[in-house]
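Novice: In our numbering, the protein residues as written are 170 to 789.
(1) Taking the Cβ atom as the reference point for each residue, do residue 268 and residue 216 lie within a distance shorter than 9 Å?
(2) Near residue 351, which residues of its chain fall below 6 Å by C-beta distance, leaving aside the five closest residues on each side in sequence?
(3) Measuring only the C-alpha atoms, how far is residue 655 from residue 664?
(4) When DSSP labels each residue in this structure, what does residue 271 get in the three-state scheme?
(5) Just curious, the beta strand (DSSP E) that residue 673 is in, first and last residue?
(6) Roughly how many whole angstroms lie between the Cα atoms of residue 710 and residue 465?
(7) Between 171, 528, 540, which has its C-alpha nearest residue 511's C-alpha?
(8) How about residue 766 and residue 551: are their beta carbons less than 9 Å apart?
(9) So, residue 681 versus residue 699, is the Cβ gap smaller than 9 Å?
(10) Can you give me the start and stop residues for the alpha helix (DSSP H) that residue 638 sits inside?
(11) Curious, which full-length beta strand (DSSP E) runs of at least 3 residues does the stretch 503-576 contain?
(12) Determine the burial state of residue 746: buried for a count of at least 16 other Cβ atoms within 10 Å of its Cβ, exposed for fewer.
(13) What do you get for residue 785, buried or exposed, if any count of 16 or more other CB atoms within 10 angstroms of its CB means buried?
(14) Over what stretch of residues does the beta strand (DSSP E) that includes residue 201 continue unbroken?
(15) Determine the DSSP secondary structure at residue 295, reduced to helix, strand or coil.
(16) Here's the rule I'm using: 16 or more other beta-carbon atoms within 10 Å means buried, otherwise exposed. How should residue 730 be labelled?
(17) Applying the criterion that 16 or more other CB atoms from any shown protein chain within 10 Å of the CB defines a buried residue, is residue 220 buried or exposed?
(18) Distance, Cα to Cα, residue 553 vs residue 518?
(19) Spell out a yes or no on whether the stretch 476-484 and the stretch 399-411 are touching, meaning 3 or more CB-CB pairs, one atom from each, closer than 8 Å.
(20) Please classify residue 655: does DSSP put it in a helix, a strand, or coil?
(21) Our contact map puts residue 675 next to residue 690 with C-beta atoms below 8 Å; I'd like the distance itself, whole angstroms only.
(22) Please report the distance separating the alpha-carbon of residue 529 from that of residue 559.
(23) Going by beta carbon distance, what residues of the same chain come within less than 6 Å of residue 619, once the five residues before and after it are set aside?
(24) For the structure I just gave you, are there three or more beta carbon pairs, one from the stretch 247-261 and one from the stretch 277-290, closer than 8 Å?
(25) How far does the beta strand (DSSP E) with residue 240 in it extend, from its first residue to its last?
(26) Please report how far the alpha carbon of residue 311 lies from the alpha carbon of residue 504, in whole angstroms.
(27) Taking the continuous beta strand (DSSP E) assigned at residue 713, which residues delimit it?
(28) What does DSSP give as the partner residues of residue 167 in its beta bridges?
(29) With DSSP as the reference, label residue 600 as helix, strand or coil.
(30) Check the C-beta distance from residue 463 over to residue 429 and give it rounded, since I have them as a contact under 8 Å.
(31) Could you tell me which residues DSSP puts in a beta bridge with residue 260?
(32) Cutting at 6 Å between CB atoms, please list the residues of its own chain near residue 384, excluding the five before and the five after it.
(33) Checking the sheet assignment: what are the DSSP bridge partners for residue 665?
(34) If you run the structure through DSSP and keep just helix, strand and coil, what is residue 463?
(35) Between the Cα of residue 364 and the Cα atoms of 376, 380, 328, 347, which residue gives the shortest distance?
(36) With respect to the beta strand (DSSP E) encompassing residue 435, which residues constitute its N-terminal and C-terminal limits?
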């Protein structure tokens, strides 16, 4: 959706009359039902004055198309400025300009395409403007059928009108060169250079025709995107499906294609415990259905698994496949059936409302089903780990019925983690008193589970195991505060137990599970759920103890920075019995989840000595 569009001459007049920002504001309210913040209004007034200077050249055709604030479909991303027209041999060209008001920039070492800028007085990491412009162009090309079929060529760039370049220029350092090459950066004093860039592609005007084509293009993955995701999956051992995984995959594939054929809404619920291969099936479905030309998205509440899978699939390739991966709150305002297939992984983690303050939308399950012709939910109800988690089979079925979506239930049961041992999971459920099972010991179960005397022993073992494949990590329950001043510094130790000290996983990365140095940090439930390792070291805090012959949980021992039990104190005052029941479930589920991340083994340290003794006895 284009918020403002016109021809160049109309844009120049609107700027001269000081009406352009007001027109954009009114259009946003009328088209998107959103109010504009004052700082955004002022940024239009400022930046568009500079664009006036750039376009005030007779060689740029009067009837070139101008679009401001183009909202890329099914995203929250808006392109700042677009100029459209025809080039030599009547080629269809669109110049995409990302406008920035920054006046200072710092480089970021060791992380792809990131820079640091001051925002509201705080130094923040953001993407490089060239990367941002390039990614928007890639997203439009990858999903807009009119752009693909009409051979519309997109030319991204960035214009930082308050920023003066230096020598050597930080924005053009070696680590950014591949993005700057595809999307050059123009700075203060470079109006003429930006003009020349535009004039190179826009020779004659199009009277907004190309803008109309883009705005009305059907959402369909490009052939290059289809081929790209296919090649990433093929030959990747991590995503090979086995046995019933393949059966479930084929069944869902058939259902999804049937939805496209008869345009009837359907919902598939796939139940499966830890290590049954839910994500393997999900990623394969994403690749296959995209390869068949469908608009498919993978969604989850937690960003950690999404980021890890994007990195595992793409490696160091410059790609836009991350546009396929969305947060669960992305569908708050989505149109009905706007996406062909939404694949929701870790569906037990879904919330009612979305947003940082849980104030957006109505219900994430409802919104996913509403937005998709075919919705697929992978779920394990025993992995509910926060009070806000509402994902259950019954909740999904409720909304599917309300939205007239036919429901199909399936199940993955075979265990491919924990050395393929269902026995270990049953033992764990019994020991944690989650459910009674017949597995009272670990006899004849091929899984390396050890109860260690100290956290130092856990660390030493995990570091040793990690040397071969970088596939072992230390995890812990949330009984230690995540110190704000040390969130990006592993030398600031959040977790201290006697002479043992380590930091929580750093806040400046979203891929703890595969980062080279994160074996020296401790991951929490939010950075490890949905992922797997060769070996997991787990530190159990005082929120789980063994007293009077039973496992007891204690939510008061959770750190104040823990958001998993946000609202529990209020609930305890209103309904103590319910509060204790909910907290008990969440704490036990948290440790069950942490202790099932390791495929080959799990090494455990308990701060409660009675619990350690009990676990050892249960292993005999």
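Ideal placement from N, C-alpha and C gives every residue a C-beta, glycine not left out.
Specialist: This is what the structure gives:
(1) yes
(2) 303
(3) 12 Å
(4) coil
(5) 669-673
(6) 41 Å
(7) 540
(8) no
(9) no
(10) 624-638
(11) 508-513, 541-548
(12) exposed
(13) exposed
(14) Element bounds for residue 201: not the beta strand (DSSP E) but the alpha helix (DSSP H), 189-201.
(15) strand
(16) exposed
(17) buried
(18) 6 Å
(19) yes
(20) helix
(21) 6 Å
(22) 16 Å
(23) 772
(24) no
(25) 234-240
(26) 20 Å
(27) 713-716
(28) This structure does not reach residue 167, given that the chain is present from 170 up to 789, and the question cannot be answered.
(29) helix
(30) 7 Å
(31) Bridge partners of residue 260: none, in fact.
(32) 171
(33) 670
(34) coil
(35) 328
(36) 435-441
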